[in-house]
Structures are given as C-alpha cells and as structure tokens.
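Q: I have a structure here, written as structure tokens, and I will follow up with some questions on it.
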Amino acid sequence: MTTQAVRRTTPEEEQYQRRTPQSRRFFSEAREFMPGGDSRSTLFYRPYPAVMERGDGCVLLDIDGNRLLDFTGNHSVLIHGYGHPQVLSAVEQQLRKGTCFPGSSEPQLVYARLLCRRIASVQQIRFTNSGTEAALNAIRAARAFTGRTRIAKVEGGYHGTADDVMVSVQPSEDEAGSRSRPSASPHSQGLPAGVVGNVTVLPFNDVDGARALIESQGDQLAAVLVEPVLGSAGMIPAEQSYLQMLRAVTQQYGIVLIFDEVVSLRVAYGGAQEYFGVVPDMTCFGKLIGGGFPLGAFGGRREIMAMFDPSRGRPAVPHPGSHNANPIGIAAGAATLELLTRPVLDELNSRAEALRRELGSAFHESGIPVQVTGLGSLFGLHLTDRLVRSYRDTLGSDTELRHRIFLGLYSEGILIDPRGVGNLSTAIHDAEIEQFLTALRRVLERSTAD
Ligand code: PMP
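In the numbering used here, the protein residues as written are -13 to 436.
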C-alpha cells in the first residue's frame, strides 16, 4: 500500500485513466466478486486493465469504445486475428452438429493426422483443454516411461500452472542464485513439500553450464523441458547449439526431451523444432492450436504415447477429461492450421522481422536503450543495454519505463502485452505496422521530454 501511495502517477497513466472510465468502473465492481477483478493473473496491470468488448481482424474495441490495433492476438493465440471467416465457418458447422459428445468424432482424427504429418517428431498426439494440461501429461508420461522423478527446466521458462513447473518462472535477482547453477525457487505459495527440490533449474543458452548440471544428475532426470523461444520471459529464442546440446545429452542419459511449443509453434510450418532442426521426444501445444478456443495437445514418440493407450487394460498413464478434444476447439484449430501454409508463414515472419528492425531504430533514435528479441512473428522489447540471451539478462531492465510506454501506446490505439512483448497475426499488414511505429515514436518522444 505504501509503495502505491508514494508512486508518482505518470502522464501516460493519467491519459489512460481519462480514456478508460468504464474499465475503471468495471474493475471496481468486479473486485467485489473476483480477486483482482478477473480470472487470469497475467492480465493485470496498473492502474487497472482495460476490459474488451469485441474484436474484428486485428482491431479490438474496449468497453470505452477505444479502437486498438491488437499486437497481442490474446497473447499469441489468434494467429489470424479475430473472426477469420474460415475459422468462424468451421466453428458454426460444428456448433450445429454438437458442442461435445460422449465419444470421439471425425474432426479429432482429421486434426490429429494434420498435426502428426506437420510436426516431424510427433508420431501420436492427444488433445487437452490447455497448455497447462499438455505439459502436465508430458511430464507424467516422461516419469512413467523412465521410472525417474526429477525434472529439469529452464530458468524463466513457463509451462502453465502444474505444481512441477511453477518453479523459477520469474525469480528475483535475490532468489535466482548463481548464473550457471540457478537456485530452484517457488513461483507460488502452496506448492507441496518436495516439489521445488525435485526440479533442476537450467541456465538458458548456456551450453556448458546446462550440460554440466544435466550430466551431474543424468540418471535421476525423467525429463528436460524447454521452450524453443522463452515466451513469458520476453520472446527470447534459444540458440541452436543450446538445443542441440540438450538433444545430445538427454539422448545419452535416456532423459525425455520435451519441447514446449505452446508459443513457438508459429515460428515455422513444423514448429520451432523444424526451424532449429532439433527433434524432441515429446512436444506440448496450446494457444494457437485451438483457433481461439481452449485446446492443448501433447504428442511425440509412439512408445511414450503408448502409455496413454487404454485398449489393453488400465493405461500406464490415464488421461480422462470431460472436455478433452472438444470438437469446437478441434474445428477452429484445424481451420487455423490449414490457413497457415508455408507461404503465409513466410510472409508473416518477414513482416515481423522488418518490424523488429524498425522497433530497434525507433528506440535508437530516442536514445532509450533497448534489446529487441524474437523469432518468427514474435517480438520482445527489453529496456536495457545488456545483450538479452536469457531470463537472467532481463533482470535490471527498466520495467517502469516499459509500463509507461505500454500505457502510452494504449492511448495511441496500439495494444501490446504489458510485459513488452507482442506478435503479428496474418490480419496485420504494412499499414498497421506503420501506425504502430508512428505511435511508438510519439510515445518515446513524450517519455524522454519530461
Ligand atoms: N507453455 C507456454 C510456453 C505458455 O506460454 C503457456 C501459456 N502462456 C502455457 C504453457 C500454458 O498454457 P495455458 O495457458 O493454455 O494453460
């Protein structure tokens, strides 16, 4: 409370408040019934988050009638923007047939085949409701397959909210420990005793440090989990040599290598694993694969996936779920991926590459230090002059100024993620990118003027 009271209200915050009185009203009412006024903790920002009314293509309207160009796509879910006609039509057709069934349905097979053909390492797949469940099941399968308990994950890596992975997601400098042997620190209270101690935290993009840690525990580790592009930590791509090292060392010790491609699938036609040319044992999916509906998936080597097979008695790893493979999400997801052809992805990615370059120039002109990270259609802005190759490198970047820029952009009609990241959808074209850059230059000019 005290820190809130002494914090100076910035001109960007005043302007945001003037433009969003209905959102402010919403939150003061919603707080009565929901802690923080919402059901998704990452959406909160000061002074209160904006409330959305509707979306069309790349345009969002908030409940105050502000028109925003959306450079988040619901945090990388909506790769074709809001209401793409082909996605809508697939959903409408499925809605008329039924929203859920006490049995499988044809679209599930169609989508499973599509994903297995598209992602080389995925021989078999199963569908969940979220990325969280995808990671949870992949980890459980790795433990069952190897007979080991310990897992290793990357510092700053986010894999949803299962207990095992709520470790060292966003550690402070004090919690983080040594750079090459990071401490395992709980990301939440309420984790069962023993969970944190069962996790080895790997330094990202540190080939020697991570290899030494894995080698020292080689025969205890069930799985190594890694995002080929660290998403929540700010769209920081892995280096190819790092992923190659993880592949080699996990193979050597019989550890299951799990790629979390919930965010990075969009990087290439066959996911970031195709881009990097590294083949994991298991992969988790989420976000865009549900085409805007809650859907996740995990898949990989046939002999690991066989553990979920109930056709020969109780499966080694049961995977029930009332809404698993919900046909609405399946229909929307399959339509979304069918639209995402190689040429479409090439165009999307080269537009984003140009954007990343221009973002760098805009900051450079303003004299504000920045590192622009990202890959494919993903971008991240880190206000620091230190090269950003890992979560650790982002500690110490100017998050206050980043927040002012985020609010300033909002008032200019541009939405990025308050954590300074964003992405392009296929609904965004050169004109919208120009608007983003013009708005950013205005915001940066103002923020350096006072
Ligand atoms: N893995 C990664 C890399 C993610 O970014 C997320 C979601 N932000 C998840 C897993 C969890 O997915 P969900 O929110 O669908 O549970």
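Think of the CB as a built atom: it goes at the ideal place given N, C-alpha and C, for glycine as much as any other residue.
(1) Just to confirm, is the Cβ distance from glycine 362 to alanine 224 under 8 Å?
(2) Can at least three beta-carbon pairs, one atom from the stretch 365 to 374 and one from the stretch 278 to 289, be found at a separation below 8 Å?
(3) Using only the heavy atoms of the ligand PMP, determine whether one of them is closer than 7 Å to the beta carbon of serine 25.
(4) Give the range of the alpha helix (DSSP H) segment to which asparagine 335 is assigned.
(5) In angstroms, rounded to a whole number, what distance separates the CA positions of glutamate 213 and alanine 219?
(6) Which value, in whole angstroms, describes the spacing of the CA atoms of leucine 441 and arginine 112?
(7) Taking one C-beta from the stretch 135 to 146 and one from the stretch 183 to 191 each time, how about it: are there three or more such pairs within less than 8 Å?
(8) For the ligand PMP, I want to know if tyrosine 261 counts as a neighbour, meaning its beta carbon is within less than 7 Å of at least one of the ligand's heavy atoms.
(9) So, for alanine 338: in the same chain, excluding its five sequence neighbours on each side, which residues have a beta-carbon less than 8 Å away from its beta-carbon?
(10) Pairs of beta-carbons, one from the stretch 307 to 314 and one from the stretch 334 to 353, closer than 8 Å: are there three or more?
(11) Which same chain residues end up closer than 7 Å to glycine 346 when comparing Cβ atoms and leaving out the 5 residues on each side of it in sequence?
(12) Per DSSP, what are the beta-bridge partners of cysteine 102 in this structure?
(13) Does at least one heavy atom of the ligand PMP sit under 7 Å from the Cβ of glycine 408?
(14) Do alanine 16 and threonine 132 have their CB atoms nearer than 8 Å?
(15) In chain order, which alpha helix (DSSP H) runs of at least 4 residues are fully inside the stretch 51 to 125?
(16) Under 6 Å, CB to any heavy atom of the ligand PMP. Which residues pass, going along the chain?
(17) Answer yes or no: do leucine 243 and proline 266 have a C-beta to C-beta separation smaller than 8 Å?
(18) Residues in its own chain within less than 6 Å of aspartate 384 by CB, not counting five upstream and five downstream?
(19) Taking just the CA atoms, how far does proline 157 sit from leucine 381?
(20) CB arginine 197 to CB arginine 378, shorter than 8 Å?
(21) Between which two residues does the alpha helix (DSSP H) containing methionine 291 stretch?
(22) Does the beta carbon of isoleucine 316 come closer than 8 Å to any beta carbon on chain C?
(23) Quick check on glycine 276: does DSSP put it in helix, strand or coil?
(24) Is the stretch 224 to 243 touching the stretch 257 to 273 in the sense that three or more CB pairs, one from each, lie closer than 8 Å?
(25) Could I get the ranges of all uninterrupted alpha helix (DSSP H) runs contained in the stretch 175 to 229, with 4 residues as the minimum, in chain order?
(26) Is it the case that the Cβ atoms of glutamine 3 and arginine 10 are separated by a distance below 8 Å?
(27) Could you give the distance in angstroms between the alpha-carbon of phenylalanine 422 and the alpha-carbon of glutamate 386?
(28) If you follow the beta strand (DSSP E) that leucine 367 is in, where does it begin and where does it stop?
(29) Determine the direct distance from the alpha carbon of arginine 432 to that of alanine 106, and round the result to whole angstroms.
(30) Out of Leu47, Thr186 and Ile222, which one is the CA nearest neighbour of leucine 373?
(31) By alpha-carbon positions, which one of His61, Gln109 and Glu39 ends up nearest to isoleucine 290?
A: Taking the geometry as given:
(1) If you number the sequence shown from 1, residue 362 lands on position 376. If you number the sequence shown from 1, residue 224 lands on position 238. Judged by beta-carbon spacing, alanine 224 lies beyond the 8 Å limit of glycine 362, meaning their Cβ atoms are not closer than that value.
(2) In short, these stretches do not touch, since the Cβ pair count stays below three.
(3) Translated into the one-based positions of the sequence shown, residue 25 becomes position 39. No - the ligand PMP has no heavy atom lying nearer than 7 Å to the Cβ of serine 25.
(4) On the sequence shown, residue 335 is found 349 positions in, with the first residue counted as 1. Residues 328 to 352.
(5) Residue mapping note: residue 213 aligns to position 227 of the sequence shown, counting from 1. Residue mapping note: residue 219 aligns to position 233 of the sequence shown, counting from 1. Using only the alpha carbons, I get a separation of about 10 Å.
(6) This structure cannot settle anything about residue 441, because the visible part of the chain is limited to -13 through 436.
(7) Enough Cβ pairs lie closer than 8 Å, so yes.
(8) Within the sequence shown, the letter at position 275 stands for residue 261. For the ligand PMP, not one heavy atom lies less than 7 Å from the Cβ of tyrosine 261.
(9) For the purposes of this step, residue 338 is taken as residue 352 along the sequence shown, with counting starting at 1. Around alanine 338: Gly360, Gly362, Ser363, Leu364, Phe365, Asn409 and Leu410.
(10) Judged by Cβ distances under 8 Å, the stretch 307 to 314 makes no contact with the stretch 334 to 353, as fewer than three pairs qualify.
(11) Stepping through the sequence shown from its first residue, residue 346 is reached at position 360. Once the five neighbours on either side are set aside, the close Cβ partners of glycine 346 are Val356 and Val358.
(12) As a working mapping, residue 102 is identified with position 116 in the sequence shown. Bridge partners of cysteine 102: none, in fact.
(13) Within the sequence shown, the letter at position 422 stands for residue 408. Proximity of the beta carbon of glycine 408 to the ligand PMP is not indicated: no heavy atom of the ligand is located closer than 7 Å.
(14) Start at 1 with the first residue of the sequence shown, and residue 16 comes out as number 30. Start at 1 with the first residue of the sequence shown, and residue 132 comes out as number 146. Contact: no.
(15) Fully enclosed alpha helix (DSSP H) runs of 4 or longer: 59 to 62, 71 to 83 and 92 to 104.
(16) Matched residues: Ser116, Gly117, Thr118, Ala121, Tyr144, His145, Gly146, Glu213, Gly217, Ser218, Asp246, Val248, Val249, Gly272 and Gly282.
(17) Walking along the sequence shown from the start, residue 243 turns up at place 257. Walking along the sequence shown from the start, residue 266 turns up at place 280. In this structure, proline 266 lies closer than 8 Å to leucine 243 by Cβ.
(18) Locating residue 384 in the sequence shown gives position 398, counting from the first residue. Answer for aspartate 384: Leu369, listed in chain order.
(19) Against the sequence shown, residue 381 aligns to sequence position 395. Against the sequence shown, residue 157 aligns to sequence position 171. Looking at the two C-alpha atoms, the distance is approximately 9 Å.
(20) Within the sequence shown, residue 197 is the residue found at index 211, counting from 1. Within the sequence shown, residue 378 is the residue found at index 392, counting from 1. Going by C-beta atoms, arginine 197 is not nearer than 8 Å to arginine 378.
(21) Taking the sequence shown and counting its residues from 1, the one referred to as residue 291 is at position 305. For methionine 291, the enclosing alpha helix (DSSP H) begins and ends at 288 to 291.
(22) The structure shown contains no chain C; it is built from a single protein chain.
(23) Along the sequence shown, one-based indexing puts residue 276 at 290. Per DSSP, reduced to three states, the secondary structure at glycine 276 is helical.
(24) The stretch 257 to 273 is in contact with the stretch 224 to 243.
(25) Counting only runs of 4 or more, we get 193 to 202.
(26) Locating residue 3 in the sequence shown gives position 17, where the first residue counts as 1. Locating residue 10 in the sequence shown gives position 24, where the first residue counts as 1. Yes; because the gap between Cβ atoms is below 8 Å, this pair is in contact.
(27) Within the sequence shown, the letter at position 436 stands for residue 422. Within the sequence shown, the letter at position 400 stands for residue 386. Those two C-alpha atoms are separated by around 20 Å.
(28) Residue mapping note: residue 367 aligns to position 381 of the sequence shown, counting from 1. DSSP places leucine 367 inside the beta strand (DSSP E), whose first and last residues are 364 to 368.
(29) On the sequence shown, position 120 is the one that residue 106 refers to. On the sequence shown, position 446 is the one that residue 432 refers to. Their Cα atoms are separated by approximately 48 Å.
(30) Reading the sequence shown from its first residue, position 387 is the one you call residue 373. The alpha carbon of leucine 373 has as its nearest neighbour, out of Leu47, Thr186 and Ile222, the alpha carbon of Ile222.
(31) Within the sequence shown, residue 290 is the residue found at index 304, counting from 1. Ranked by Cα distance from isoleucine 290, the first of His61, Gln109 and Glu39 is Gln109.
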